[in-house]
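In what follows, a single structure is set out as structure tokens and then discussed.
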Amino acid sequence: MTHSDGIVRPKTKRSKRFLESRAPKLIENFKNGMIIKGGNTSETVTQALKDVYALKKPGAVLYKKKNIVRPFEDSTALEFFSKKSDCSLFLFGSHNKKRPHNLIFGRMFDFHVLDMFELGIEKFVSLKDVKKDKCPEGTKPMLVFAGELFDTDNEHKRLRNVLTDFFCGPRVSAVRLAGLEHVLHFTALDDKIYMRSYKVLLKKSGCRTPRIELEEIGPSFDFVMRRSHMASDDLFRSAHRRPKGVKPKKKKNISHDAFGTRLGRIHMQKQNLDKLQTRKMKGLKKRKGEITADATSPKLPRTDE
Amino acid sequence: MASCSIEDVLAKAEKDEAEKLKSITVQKDLDLEFDPGHLLAFDKNRIDTREFKGNNREDLLRSLARENTQLLINELWKLPTERVKDVIVAKLPEPTTPLPREKPPPKPKPPTKWEQFAKLKGIQKKKKTNLVWDEVHKEWKRRWGYKRAKDDTKEWLIEVPENADPKEDQFAKKNMAKKERVAKNEFNRLKNIARAQKIKVPGMGLAPTSRQSKSELAQAASVAKISNASVGKFQENLPKEKTPRNTGKRRKFQPVIGDFSGERQKQLDLLKLMGSKKPRLDITKAVNKQMREEDMDSSEKKKKGPGKKGRKGNMSGKGKGNFKGRAGGKGKVPKGKGRKPPTKQGKR
């Protein structure tokens, strides 16, 4: 429907709004994720998919049926699904003997696969196994990544980017300080990634900033890195290209110094210093015939002009 | 004496401050990187693997998380706050981690035929009011749409003009004229879209319209005649059909001496094209197109293959699982920049 967007015209205002929300825009919508089950899934995988769906609600769709797709070989089915449901992030779960308890985190650009990361679940504690009070749905979580692997290894760097994209909530301009309740903590160590989810309790401390206590809620995963498919550098760069309207216009010739005062620069044309109009010092004016008088006794200039 | 007491007081004040801040300060070797726009923190410190292998892995992870979250909260509390309806809210800055877009930025649409003409003539768009005063009903009515001000269709009397046939149905004539106007408008709209997307539209006489004149039919027939591999050279004539001799494009030549600057520009462009090293064929685009077609073919074959083995009802027949990729992706040429073909996975 989108590629024939001029030919098939929307008949109602509602359908027009729907098409406009799916069209490419300067400032984009929040990315939705689709959670798909593969040909054969184990109990762990289904529960894991449900838990991630709970974390990512409402910006996610959970597909109930099994789909026999192999993302690393043929990603056209995934691309078709993403086009239909307008989701650019996906999570695909499957289970077979060779790759037990497999999750594939991925994202799309222009409905073609950009990056995919295959992670195997080694240990999994589900949401329903933890009997504590949970955070409300849709709270924007804080994300913390720990481990130098996330900085040194290229794959881990890209994985950090994909996980940020997946789990960060919608873009907000301001956040309620008391409402920062949820934190997701990812630790990378020895080719394994530990994901834990905590509820944040803000306790009184002596000063304005509260002291943090954490309570473990939510799913906890022990992932092991398996295959990955990263986008080529130029595709990655073209995915980041911002249109001209979005970049904030830099105001030239205005700067701020350390004290916060606004300083401006003015560019002047070249001035002819001979013809410069200064204050008239009539006393210094050379009069005709008074050459010696000037040389010997210069008169004092009057200051109160 | 006084100086000692002042020093004591200051020292005590400092100690008190330190005590207060003790609960929220965290010692780290390397400072964390923060992105308050995304509520993100990144800790680059080394984690001791030996401690990790013990039984208290969860406790270690929890303490690490607590420290990092404390630092992140400290950072977030430094942001400027404001009060919105008795709630304290911190304003977040722009996020610093670059995340890729979902879709490529929108391309500016080329102007339609009318827009080009209006730009040429300098015609501005005039803003019209929504409601028009209707004298007959003495009230404000819409300009167009349901219950509009001057509604032509509601006329119960049409005067027959002098030069028209008295037996002609004027109402039917009016309806036909309206249908023709609507069809013409639709046709022009589609032509604008085709020009924008650079799709070729079939020429005159080939698209079937309701009533074709003799000349249109003749043109359609002649076009059909030359539409084979040997351009109609060996096509036999129908009885009473004459071979048209004066078909073919009439070449228009520019006058020999006329537009000097235009000619100069043409020659320079030609030289520039000859001298540039850019190949006329975009290799990456062609390769990508080929690969995509091959992928689609192979996936079609695979779809048919496992189906034959008779999977018992697990055949993804219902809605979401069913792959009807052809419908969506048929006419779609890969738009966007020429990508390098995706690398095939080596490890299986």
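Chains as they are written, first to last, in the working numbering: chain A, 124 to 428; chain B, 19 to 366. Beta carbons are placed, not taken as given, at the ideal position from N, Cα and C, and that holds for glycine. On a predicted model such as this, the values are computed, not experimentally measured, just so you know.
Leu303/A, enclosing alpha helix (DSSP H) - first and last residue: Segment: none, Leu303/A is in no alpha helix (DSSP H) and carries neither H nor E.
Three-state class that DSSP yields for Ala29/B in the structure shown: helix
Interface residues of the region 95-120 of chain B facing chain D [CB-CB below 8 angstroms]: Reference to chain D is not applicable here, since the protein chains of this structure are A and B.
For Arg101/B, the nearest candidate out of Arg281/A, Leu300/A, Glu241/A, Lys179/A (CA to CA): Leu300/A
Beta-carbon contacts of His279/A that lie in its chain and below 7 angstroms, excluding the five residues immediately before and after: Leu272, Phe273, Ala311
Within-8 angstroms CB hit, Met265/A to chain B: yes
For Leu266/A, three-class secondary structure by DSSP: strand
Cutoff 8 angstroms: Lys154/A Cβ touching any chain B Cβ: yes
Chain-ordered residues of the region 57-73 of chain B with a beta carbon less than 9 angstroms from chain A: Leu57, Leu58, Ala59, Phe60, Asp61, Lys62, Asn63, Arg64, Ile65, Thr67, Phe70
Pairwise C-alpha distance: Asn92/B and Phe232/A: 35 angstroms
Same chain only: Cβ atoms within 6 angstroms of Ser23/B, ignoring 5 sequence neighbours per side: none
Residue(s) in a DSSP beta bridge with Met348/A: Leu242/A
Proximity test, Cβ basis, 8 angstroms: Lys148/A and chain B: yes
Straight-line Cα distance separating Asn148/B from Lys168/B: 14 angstroms
Pair within 8 angstroms by beta-carbon distance, Lys393/A and Pro124/B: no
At least 3 beta-carbon pairs within less than 8 angstroms: the region 337-344 of chain A vs the region 361-381 of chain A: no
For Phe289/A and Gln170/A, the rounded distance between their alpha carbons: 18 angstroms
C-beta contact flag for Leu282/A and Phe240/A at 8 angstroms: yes
Minimum C-alpha distance to Asp174/A - residue among Leu307/A, Lys251/A, Asp345/A, Asp256/A: Lys251/A
Lys280/A in three-state terms, based on DSSP: helix
contact_flag[the region 135-150 of chain A, the region 121-138 of chain B] where n(CB pairs < 8 angstroms) is 3 or more: yes
Local conformation of Lys221/A per DSSP, three classes: coil
One or two residues paired with Met404/A in a DSSP bridge: According to DSSP, which records beta bridges pairwise, Met404/A is partnered with nothing at all.
CB contact flag (Asp314/A, Val285/A, <8 angstroms): no
Coarse secondary structure for Glu151/A, derived from DSSP in three states: coil
Asn340/B - DSSP class collapsed to helix/strand/coil: The predicted model places Asn340/B with a pLDDT of 43, which falls under 50 and marks its position as unreliable; any figure quoted below should be read in that light. In this structure, Asn340/B counts as coil in the three-state DSSP scheme.
Secondary structure of Phe215/A, DSSP reduced to three states: strand
Lys103/B (DSSP reduced to helix, strand or coil): coil
Chain-ordered chain B contacts of Pro133/A [CB-CB under 8 angstroms]: In chain order: nothing, as chain B lies at least about 14 angstroms away.
Host beta strand (DSSP E) of Trp132/B (start-end): Segment 131-139 is the alpha helix (DSSP H) holding Trp132/B; no beta strand (DSSP E) there.
Chain A residues whose Cβ lies nearer than 8 angstroms to that of Thr302/B: Those do not exist, as Thr302/B stays about 10 angstroms from chain A at its closest Cβ, beyond 8 angstroms.
Whole-Å CB distance - Pro54/B paired with Leu94/B, under 8 angstroms assumed: 6 angstroms
Exposure label - Ala182/B; buried when at least 16 CB within 10 Å: exposed
Residue environment, Glu120/B, which counts as buried when at least 16 other CB atoms sit within 10 Å: buried
Length of the line joining the Cα atoms of Leu242/A and Glu69/B: 24 angstroms
Contact set for Leu42/B: own chain, Cβ-Cβ below 7 angstroms, skip 5 residues either direction: The residue you asked about is not Leu; residue 42/B is Ile in the sequence shown. Excluding residues within five positions, the ones whose Cβ falls inside 7 angstroms are Gln88, Asn92.
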